[in-house]
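Sequence lines, in order, name chains A and B. Residue numbering for the first sequence is 1113 to 1306, as defined by the numbering used here. Residue numbering for the second sequence is 1113 to 1306, as defined by the numbering used here. Data block below; observations after.
2 protein chains.
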Amino acid sequence: MRKDLGVLTAVFPMPVLMVASYDEAGTPDVMNAAWGMICDYDKIALFLAEDHQTTRNILNRKAFTVALADKAHVEEADFAGIVSAAAMPDKFARSGLKETKSTFVDAPVIEEFPVCMECELAEVIDTPNMYAVVGKIVNVNAREDALDENGKIDITKMQVLTFDPFKAGYYVTGPQAGEAWRSGKVLMEKEDKE
Amino acid sequence: MRKDLGVLTAVFPMPVLMVASYDEAGTPDVMNAAWGMICDYDKIALFLAEDHQTTRNILNRKAFTVALADKAHVEEADFAGIVSAAAMPDKFARSGLKETKSTFVDAPVIEEFPVCMECELAEVIDTPNMYAVVGKIVNVNAREDALDENGKIDITKMQVLTFDPFKAGYYVTGPQAGEAWRSGKVLMEKEDKE
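So, in structure tokens, the structure goes:
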């Protein structure tokens, strides 16, 4: 039996994206965004409100970074989503996070977060159904302890946060349940047997 | 120490979205898509290739559904991502999934998946940086066993799949790590003490 629940933002999991930017004076800011996703092999779309300081910074500096938040920094990650830089001018300093300027784009790389996409502003999409800031990913950097022995990002080496929109919880990832392009092969093979 | 890794689609977690649609003849199809996200309170954007059968179906029928895949159906979910309806005309039947037509939109609701968004096609966005099918969510339905005692979707009652783009793994969700708009309050209060 299924129940109708009305209109909900029913995507799960959502990522916990830390969007970092500089304002006109070079002051770093970071915000927490769940509504963002890869939209092409080298692009990321962020669905941010137009009136965020982050949005203004991105339009101004033509660049931003997007990092994945981890459990060790859940307080900092959530704080970045509660407070606006307008309401608390020392927001970034207060977070305790450390940043250095990206060598690729005009935006901060936050040391604490394990994986960071460095993006140039590619386009702002503004239609009746979508306001999106689209970034071209020009590099990804990661903490060495987030990499496996072959230098690949290994999500089992960090505790990346997941956002639950139904009850506003942050979760970490649990056990592996399958492999893409492999788990379904049993149903391909079914064909051959019949 | 951080390492530069080049251009990667470095969002984690990604959802495992089951996009279901009917073709012109009313034959159901389902595909597996990781690149999709809520883009407004009643909208979802799917970044699908234009040449997918699903994309053609959505443009034609002006509707689709998006369900969350769970661990109990990891084989079916992955199969939907491996096989095209063009290559295997009985793809849906072979998956073993059961569907009924949505009462809200002209698209299939798959019984097995715990949560399903029923969407009308709102817009196709086609720019140099994004090809997106945007749906207006007109209803969400869920299996009763995915709801808590108050009738709210409870992600701890299902094992929703998560996609790892770095190594193509499917994972389930682990323990809760915090609460949005609460975990960061400790850093707000820091202000008052200083």
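Cβ coordinates follow ideal geometry from the N, Cα and C atoms, glycine included. Note that the structure is a prediction, hence the values are computed from the model and not measured.
DSSP, read as helix, strand or coil, puts residue 1274/B in strand.
Annotation note: the region 1201-1257 of chain A contains the following uninterrupted beta strand (DSSP E) runs of length 3 or greater, listed N- to C-terminal: 1211-1213, 1220-1222, 1227-1239 and 1242-1255. For a Cβ distance threshold of 7 Å, residue set 1122 of chain B lies close to residue 1229/A, ordered along the chain. The count of Cβ pairs closer than 8 Å, one atom from the region 1291-1302 of chain B and one from the region 1203-1216 of chain B, stays below three, leaving the stretches out of contact. In this structure residue 1272/B is not in contact with residue 1150/A, their Cβ atoms being roughly 19 Å apart against a cut-off of 8 Å. Taking a Cβ-Cβ threshold of 7 Å, the residues of chain B close to residue 1154/A are 1119, in chain order. Chain B places a beta carbon closer than 7 Å to that of residue 1286/A, counting this residue as a contact. Using a CB distance cut-off of 7 Å, residue 1140/A does not count as an interface residue toward chain B.
Contact check between the region 1249-1257 of chain B and the region 1164-1172 of chain B: fewer than three CB pairs, one atom from each, fall below 8 Å, which does not count as touching. Contact between residue 1125/A and residue 1274/A holds: their C-beta atoms lie close to 4 Å from each other, under 8 Å.
Put simply, the backbone Cα of residue 1134/B is about 14 Å away from that of residue 1210/B. Contact check for residue 1225/B against residue 1130/B passes: the beta carbons are separated by less than 7 Å. Not flagged as an interface residue toward chain B: residue 1134/A, since no C-beta distance is shorter than 7 Å. Bridge partners of residue 1140/B according to DSSP: 1134/B. Counting every other CB atom within 10 Å of its CB across the protein chains shown gives residue 1186/A a total of 16 or more, marking it as buried. Between the alpha carbons of residue 1249/A and residue 1261/B lies a gap of roughly 43 Å. The distance from the Cβ of residue 1203/A to that of residue 1195/A is about 5 Å, consistent with a contact at the 8 Å cut-off.
Going by beta carbons, residue 1177/A and residue 1230/A fall inside the 7 Å limit.
In this model, residue 1283/B and residue 1238/A are separated by some 34 Å (Cα to Cα).
When 7 Å is used as the limit between beta carbons, residue 1180/B is near these residues of chain A: 1124, in chain order. Distances from the CA of residue 1281/B to each of 1266/A, 1276/A, 1243/A and 1192/A were compared; the closest alpha carbon is that of 1266/A. Here the alpha carbons of residue 1296/B and residue 1159/A stand approximately 22 Å from one another. Remark: C-beta atoms of residue 1220/B and residue 1132/B approach each other more closely than 7 Å.
Look at residue 1238/B: its C-beta is not under 7 Å from any C-beta on chain A. By alpha-carbon distance to residue 1162/A, the top candidate from 1268/A, 1264/A and 1236/A is 1236/A. For residue 1115/A, the closest Cβ of chain B is nearer than 7 Å. Per DSSP, reduced to three states, the secondary structure at residue 1171/B is helical.
Residue 1156/B is bridged by DSSP to 1150/B and 1247/B. Straight-line spacing of the CA atoms in residue 1242/A and residue 1147/B works out to 16 Å.
Below the 8 Å Cβ cutoff, chain A contributes no neighbours of residue 1218/B, its closest Cβ being approximately 17 Å away. Annotation: residue 1240/B to residue 1152/A spans about 11 Å, alpha carbon to alpha carbon.
Under the DSSP assignment, residue 1123/B falls outside any beta strand (DSSP E); it carries neither an H nor an E label.
Ranking 1189/A, 1173/A, 1300/A and 1228/A by CA distance to the CA of residue 1138/A puts 1173/A first. For a Cβ distance threshold of 7 Å, residue set 1289 of chain A lies close to residue 1183/B, ordered along the chain.
Distance check between residue 1299/B and each of 1120/A, 1115/A and 1192/A places 1192/A closest, using alpha-carbon atoms only. From the listed residues 1175/B, 1118/B, 1114/B and 1276/B, the smallest Cα separation to residue 1245/B is found for 1175/B.
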